[in-house]
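Residue 1094 is where the sequence shown starts when you use the working numbering, and the numbers rise one by one after that. Please read the structure below before turning to the comments.
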Amino acid sequence: MVGASVSLYNVSSFAADSGVWGSNWAVLDPKGPVAAAEKHLILTAFGLMLLVVIPVIVMTIAFAWRYRASNKNAKYEPKWDNSHTVEWVVWSVPAVIVLILGTLVWRTSHELSPEKPLVSANKTLEVEVVSMDWKWLFIYPQQGIASVNELVIPANTPVHFKITSDAVMNSFFIPQLGGQIYAMAGMQTNLNLLANEEGVYRGMDAMYNGEGFSAMSFPVKVASNNQFDAWVNQVHSEKTDLNVTQLRALEVPSDHVKPMYFATVTPYLFESVIMKYMGNDASTLKAMASYCSPNRLVNLAQGH
């Protein structure tokens, strides 16, 4: 096993970032365009709903005070039963707010779709994510390396996460970069994110998955391009390879797993995890065509 010898940040720099790591307001402290847009949507929706909530609270207090038993000047109208003005207000205002919220949700659902590629002058980084009991495996197919319980990405570079599960259903979530996406066995989900500020942020599982759930978090280290390249080179200098045998060892349930690094990765491991829960009949291979190339399909069908 490879210990924590490969480190992008020293202890002091990690401690300096602990305020962000431990923040309970991470969603409201975005470090990327997707998270910033989601924050704006949350605050906009919250503000619109306050247009109803605040008047209701104010009127409740005002009515209770005005019509208290000791106020003899309050006008008493026991036979009052209707007001067209009141009817228009109490129905039209919420209806307009719901219409605005519906329009916002429809528009942002398309604009912030997790599968929508992010526009950038920088080449997209591909990361294959496998959730396990109770750890995260990150495979970098373009660099030919992998890590466990530590994600390192370059700043201002789009990252396309391909996500699956080698255990129960989980939820991949980096609050300061964007929304969560489910990790499910036998299928691939996609998430596109970008970090525009260097630092250490928190990644986590947002869905309860058993005994080790509380320990299933990981640091997300956003580095400069030079730092990221240096980290990749450091990982390449390690002696441990991620092959089928090592993958099987990682599948054994364990928690509080320290970061691990792998200098090479056996081809098709990510797809093999998906296929493990799908089989290799014709319909399954047809479904897998959206995930990988024809050459990969041939290898997977042959059990490689």
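Note that beta-carbon positions come from the ideal geometry of N, C-alpha and C, so glycine has one too. Computed from a predicted model, the values in this text were never measured in an experiment.
In the three-state reduction of the DSSP assignment, Asn1166 falls in the coil class, being assigned neither a helical nor a strand state. Looking at the DSSP output, His1133 bridges to nothing. Setting aside the 5 residues that flank it on each side, His1329 is surrounded in the same chain by Ile1238, Ala1356, each with a C-beta closer than 7 angstroms to its C-beta; the list follows chain order. When C-alpha distances from Phe1363 are compared across Phe1306, Val1293, Met1225, Glu1131, the shortest belongs to Met1225. For Ala1276, the enclosing beta strand (DSSP E) covers residues 1274-1276.
Under the three-pair Cβ rule at 8 angstroms, the stretch 1235-1251 counts as touching the stretch 1309-1322.
Within a 10 Å sphere around the beta-carbon of Phe1156 sit fewer than 16 other beta-carbons, which makes this residue exposed. Every alpha helix (DSSP H) stretch that sits fully inside the stretch 1310-1363 and reaches 4 residues is listed by chain position as 1318-1329, 1337-1344. The Cβ neighbour count for Tyr1160, taken over all protein chains shown within 10 Å, is under 16; the residue is labelled exposed. Per DSSP, reduced to three states, the secondary structure at Val1198 is helical. As the crow flies, the alpha-carbon of Ile1190 is around 7 angstroms from that of Met1142. Glu1131 counts as buried, since at least 16 other C-beta atoms from the protein chains shown sit within 10 angstroms of its C-beta. Apart from sequence neighbours up to five positions away, the residues of its chain that approach Val1325 with a beta-carbon distance below 8 angstroms are Tyr1233, Gln1236, Ile1238, ordered along the chain. Closest by C-alpha distance to Thr1359, out of Phe1266, Leu1335, Leu1287, Ala1128, is Leu1335.
Contact annotation: Asn1283 and Glu1221 have beta-carbon atoms that are not nearer than 7 angstroms.
Put simply, the stretch 1290-1308 touches the stretch 1261-1281. At least three CB pairs are less than 8 angstroms apart.
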